Amino acid sequence: MSAATADKQTDRVLSTLNADGSRRWLKPWLSRGRYLRRRRVVAYGLISVFTITPYLRIGGKPPILLDIPAREFTLFGTTFYPTDTLPLALMILSVFVSIFLLTAFFGRVWCGWACPQTVYMEFLYRPIERLFEGKPGRQRKLGAWRKPAKFAVFLVISMFLAHTFLAYFVGVDRLWLWVQSSPAQHPFAFLVMAATTGLMMFDFAFFREQTCLVACPYGRFQSVMLDRQSLIVTYDEQRGEPRGKITKSKKSKDVRLPVAAEARGDCVDCGLCVRTCPTGIDIREGLQMECIGCAQCIDACDDVMEKIGRKKGLIRYSSQAAVSGEPVKLLRPRVVIYPALLLGLLTGLVLVLAGRQPADITLLRGAGSPFVVLPDGNVSNQLHVKVRNRAAEAATFQVELIDVTNGQVVSSNNPFTVGSGEAHDAPMTIIVPRDVFKDGRRDIQLRIATEDNAFSTIRPYRLLGPWSSGISDAEQSHDP
Ligand code: SF4
Ligand code: SF4
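In our numbering, the protein residues as written are 183 to 662.
As structure tokens, then:
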């Protein structure tokens with residue numbers, strides 16, 4: 183890093199702060215180029231996926247439905263319940279490790295290419311703003327109506343996006359019913375939608391790049407997730423420095439014939455890479471937390487290099503090691519450990535999903551006395567059989583006691599039917615002869631199966647009963 187650069191860096195606190203502490207509003211210039219074209223394709227593809235997904239169906243269910251009140255999470259045709267802690271944990275861990283892996287290889291490619299904040303800001307709200315207010319740097323005198331009109335369009339888009347966002351939590355069918363009815367009939371949902379719209383307006387009309395700079399923790403983690411071999415947007419200091427302004431030849435207006443000192447580097451200090459940066463930083467100061475890897479400075483600089491007849495790529499996707507002339511190492515601990523970890527997690531997830539039963543069974547001891555000695559000498563235990571039917575159709579379940587002679591399951595609710603995706607709590611009483619207990623307990627086995635035997639499981643359960651001692655039954659029933 184040059185001494186001048188180092189000095190500048192010491193002075194700088196935040197790229198969006200003026201010297202007097204007020205906010206420096208950024209109006210990044212649009213730089214057309216190959217990366218902008220590619221990012222547009224990605225961004226509009228992602229926006230389409232986001233808006234279309236709630237309307238699609240896989241096995242009769244939306245691909246993504248996060249029903250928080252019912253605590254049911256549907257992902258690509260599979261519904262997860264709160265009891266699915268293992269697959270949910272494996273999925274969340276896989277997402278985290280994927281982010282680490284992606285960052286280790288490609289730096290902040292997520293931020294610059296796929297993060298909703300960047301996608302909506304740069305490819306929806308910012309183009310609309312340019313439409314109403316003109317291109318930054320070339321703004322004409324504007325009619326007073328333009329700003330309110332811009333905010334009106336922002337509001338309509340924010341409302342649409344807020345409704346789409348809500349559809350991921352309630353489904354499009356319920357959302358459509360709500361849209362057609364009065365907010366008084368669904369005040370909570372209306373408040374959520376209004377708050378989401380308000381947050382989007384606040385974010386995209388006012389807070390903007392501050393979300394990346396001060397609210398999002400990802401940038402702060404990047405220094406531990408990146409190494410010197412990670413692919414990032416970087417300025418080739420060896421080629422660019424010492425920088426210097428270009429001057430046109432007095433004999434020719436052709437900028438391809440610059441009168442630039444031989445000793446100067448390729449950077450002509452035009453400042454376009456800074457003016458186009460959506461977070462207002464100067465990439466020539468090295469890797470910074472604020473850089474979201476959007477590649478706009480690459481497009482800006484490539485355009486300048488082309489105009490002055492120099493090779494493109496003064497700013498380019500490269501690694502800190504590569505631009506410093508250090509050897510490029512493809513094989514590093516993190517690019518071996520992260521994929522191995524991810525493979526392990528995904529394998530575990532696939533195995534867990536493949537081994538999932540069509541029903542979840544939970545056995546819970548009944549409240550009150552742990553057991554009762556009945557007048558005929560038998561002993562009863564109260565039990566709750568909770569069944570969650572994961573199958574696509576309703577099923578009828580039956581509970582049987584299979585390993586105690588003369589034992590029985592007594593319930594007015596056995597067998598019982600559970601709808602698809604629903605949970606049912608069936609209270610039961612297990613009655614067994616007194617002499618099956620040893621030391622106040624007896625381990626039994628219960629078979630829970632559907633009528634058609636498509637699902638069948640045997641679950642152990644411990645019955646509590648009297649000790650073979652002189653303690654009275656009344657005393658024992660409270661102190662097994
Ligand atoms: S756009 Fe390129 S030439 Fe212009 S200041 Fe930035 S790095 Fe230098
Ligand atoms: S420095 Fe370049 S890549 Fe980084 S945020 Fe600014 S324009 Fe995007």
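Glycine included, every Cβ here is placed at the ideal spot set by N, Cα and C.
Given the structure is predicted, the values throughout are model-derived calculations rather than measurements.
Check, Outcome
"Compute the minimum distance between the beta carbon of D451 and the heavy atoms of ligand 1, and state whether it is under 7 angstroms.", "yes"
"Taking Cβ to Cβ, would you say T378 is nearer than 8 angstroms to L348?", "yes"
"Got a sec? Which residues, its chain only, sit under 7 angstroms from R219 by beta carbon, not counting five neighbours each side?", "none"
"If I follow the unbroken alpha helix (DSSP H) through T599, where does it start and stop?", "It is not in any alpha helix (DSSP H) - T599 instead sits in the beta strand (DSSP E) that spans F598 to V600."
"Which complete beta strand (DSSP E) runs does the region 477-525 hold, if anything under 3 residues is left out?", "497-500"
"What residues match up with F287 in a beta bridge as DSSP calls it?", "According to DSSP, which records beta bridges pairwise, F287 is partnered with nothing at all."
"Looking at the unbroken alpha helix (DSSP H) that takes in Q470, where does it start and where does it end?", "Careful: Q470 lies outside any alpha helix (DSSP H) and carries neither H nor E."
"Taking only three categories from DSSP, how would you classify P298?", "helix"
"What does the alpha-carbon distance come out to for the pair V223 and L565?", "58 angstroms"
"Comparing the CB of V505 with every heavy atom of ligand 1, is any distance shorter than 7 angstroms?", "no"
"May I ask you to check if the CB of L496 is nearer than 7 angstroms to at least one heavy atom of ligand 1?", "yes"
"Taking only the alpha-carbon atoms, compute the straight-line gap between Q539 and S638 and give it to the nearest angstrom.", "9 angstroms"
"List the endpoints of the continuous alpha helix (DSSP H) containing M382.", "P369 to M383"
"Using only the alpha-carbon positions, how far apart do D661 and G622 sit?", "Unreliable positioning characterises D661 in this predicted model, as indicated by a pLDDT of 41, which lies under 50. A coordinate reading is not provided."
"Let me know the secondary structure DSSP gives I626 once reduced to three states.", "strand"
"Assuming A503 and Q411 are in contact, meaning their beta carbons sit under 8 angstroms apart, how far apart are those beta carbons, in whole angstroms?", "5 angstroms"
"Cβ of D464 within 8 angstroms of Cβ of R492?", "no"
"Please name the residue, chosen from A549, F255, G589 and R466, that lies closest to G422 on a Cα-to-Cα basis.", "R466"
"My output table needs one value for L212: the three-state DSSP class, helix, strand or coil.", "coil"
"Would the beta-carbon of A225 fall within 8 angstroms of that of V279?", "no"
"Compute the beta-carbon to beta-carbon distance between C483 and I497, rounded to the nearest angstrom, for a pair I have assumed lies under 8 angstroms.", "4 angstroms"
"Consult DSSP for A188 and reduce its assignment to one of helix, strand or coil.", "Caution applies to A188, whose pLDDT of 43 falls short of 50 and renders its modelled position unreliable; the value that the coordinates give is listed next. A188 falls in the helix class under three-state DSSP."
"Quick test of your reading: E391 and P460, contact by CB under 8 angstroms. State the CB separation rounded to the nearest angstrom.", "6 angstroms"
"Looking at C-beta atoms only, is the number of pairs between the region 507-514 and the region 536-553 that lie closer than 8 angstroms three or more?", "no"
"Taking Cβ positions, are V581 and I613 nearer each other than 8 angstroms?", "no"
"Please name the residue, chosen from V505, Y499, V600 and E488, that lies closest to D542 on a Cα-to-Cα basis.", "V600"
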